[in-house]
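Engineer: Structure in structure tokens, see below.
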Amino acid sequence: DCLVRMPNGAPMLAIDAKFPLEAWNAIRAAEGAEMQKTAAQAFRRDIEVHIRDIAEKYLIQGETQDTAFMFVPSESVFAEIHENFEAVVQKAHRARVVIVSPSLLMLSIQVIQAILKDARMREQAHLIQGEVIRLMEDVGRVDERVRRLQTHFTQSAKDIDDILVSTSKVTKRGQKIEALEFAEGET
228 DCLVRMPNGA
238 PMLAIDAKFP
248 LEAWNAIRAA
258 EGAEMQKTAA
268 QAFRRDIEVH
278 IRDIAEKYLI
288 QGETQDTAFM
298 FVPSESVFAE
308 IHENFEAVVQ
318 KAHRARVVIV
328 SPSLLMLSIQ
338 VIQAILKDAR
348 MREQAHLIQG
358 EVIRLMEDVG
368 RVDERVRRLQ
378 THFTQSAKDI
388 DDILVSTSKV
398 TKRGQKIEAL
408 EFAEGET
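Numbers given in this note's numbering equal positions in the sequence shown, counted from 1, plus 227.
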């Protein structure tokens, strides 16, 4: 009857609202214990068939959630099922069909959405943690390369200092030689 889109591309949630009200109305209209018992058996049978149909039609691997909702259109019907038809509730649970009332429908959808979002965030946190680890590895490599470059710069600065010392010595010798040539030219 209804497919609810779920967050993060998760499979849709199926909601069936075709509740067998005729059997419920028969319970309410039944007079006497025997009619009541017969109507209750028919109600149980109709709900069990409906639960089986929901599980077979709406629980599609990869296309829908692994749980479907069976919407019961009345709080009193919902209470009656849970109070007097416990075996039906258990059968629905085993079939992965959740029986919901008008007041529980939106809450149930929101809980499933929150769980899916939380799971996606945990999955994303794992991916982010992996990226941070790779980023730290990259930072470690950059640090190693900067230190190696710093060593080269330090060596280059030392080499420049050595060249300046040598240049200074060569310049002084050249000046001395130049001074000697002038002295010989004057004599």
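Cβ coordinates follow ideal geometry from the N, Cα and C atoms, glycine included.
Please return the same chain residues whose Cβ sits closer than 8 Å to the Cβ of E290, not counting the five positions on each side in sequence.
Structural biologist: Indexing the sequence shown from 1 puts residue 290 at position 63. So the list reads P238 and M239, once near-sequence residues are dropped.
Engineer: To the nearest angstrom, report how far apart I287 and Q317 are at their CA atoms.
Structural biologist: Walking along the sequence shown from the start, residue 287 turns up at place 60. Walking along the sequence shown from the start, residue 317 turns up at place 90. Roughly 21 Å separates the two Cα atoms.
Engineer: Compute the Euclidean distance between the alpha carbons of K399 and K385, then round it to the nearest angstrom.
Structural biologist: Here residue 399 refers to the residue found at position 172 of the sequence shown. Here residue 385 refers to the residue found at position 158 of the sequence shown. K399 and K385: Cα-Cα distance of roughly 21 Å.
Engineer: I'd like the span of the beta strand (DSSP E) that includes L240, first residue to last.
Structural biologist: Here residue 240 refers to the residue found at position 13 when the sequence shown is read from its first residue. Taken as a continuous stretch (DSSP letters only), the beta strand (DSSP E) holding L240 covers L240 to D243.
Engineer: Give me the residue from V373, Q337, V327 and A256 with the minimum Cα distance to P234.
Structural biologist: Along the sequence shown, one-based indexing puts residue 234 at 7. Out of V373, Q337, V327 and A256, Q337 has the C-alpha closest to the C-alpha of P234.
Engineer: Which residues bound the alpha helix (DSSP H) around I278?
Structural biologist: Locating residue 278 in the sequence shown gives position 51, counting from the first residue. Looking at the DSSP string, the run of the alpha helix (DSSP H) that includes I278 is A260 to Y285.
Engineer: Out of Q351, W251 and R375, which has the shortest C-alpha to C-alpha gap to V304?
Structural biologist: Here residue 304 is taken as the residue at index 77 of the sequence shown, counted from 1. Considering only alpha carbons, the answer is W251.
Engineer: At what residues does the beta strand (DSSP E) containing A295 begin and finish?
Structural biologist: As a working mapping, residue 295 is identified with position 68 in the sequence shown. It spans A295 to F298 - the beta strand (DSSP E) in which A295 sits, taken as one unbroken run.
Engineer: Residues in its own chain within less than 7 Å of R271 by CB, not counting five upstream and five downstream?
Structural biologist: On the sequence shown, residue 271 is found 44 positions in, with the first residue counted as 1. Hits under 7 Å: F312 and V315.
Engineer: If you count every other CB in all the chains shown that lies within 10 Å of the CB of V324, and 16 or more means buried, which is it?
Structural biologist: The sequence position of residue 324 within the sequence shown is 97, counting from 1. The residue is buried, with at least 16 neighbouring Cβ atoms inside 10 Å.
Engineer: Do you know whose CA, among E364, I339 and Q382, lies nearest V231's CA?
Structural biologist: Looking up residue 231 in the sequence shown gives position 4. Closest option to V231, Cα to Cα, is I339.
Engineer: With a threshold of 16 other CB atoms inside 10 Å of the CB of D243, please say whether the residue is buried or exposed.
Structural biologist: Translated into positions along the sequence shown, residue 243 becomes position 16. Buried, by the Cβ-count rule.
Engineer: How about V299 and I281: do their beta carbons lie closer than 8 Å?
Structural biologist: For the purposes of this step, residue 299 is taken as the residue at position 72 of the sequence shown. For the purposes of this step, residue 281 is taken as the residue at position 54 of the sequence shown. Their beta carbons are not under 8 Å apart, which means V299 does not touch I281 by this criterion.
Engineer: Where are the alpha helix (DSSP H) runs, 4 residues long or more, that stay fully inside the stretch 322-406, in chain order?
Structural biologist: none
Engineer: On the DSSP bridge list, what partners appear for L230?
Structural biologist: Position 3 of the sequence shown, counted from the first residue, corresponds to residue 230. Paired residue(s): A241.
Engineer: Just the Cα atoms here: how many angstroms apart are A322 and V366?
Structural biologist: Taking the sequence shown and counting its residues from 1, one reaches residue 322 at position 95. Taking the sequence shown and counting its residues from 1, one reaches residue 366 at position 139. If I take the Cα positions, the gap works out to 52 Å.
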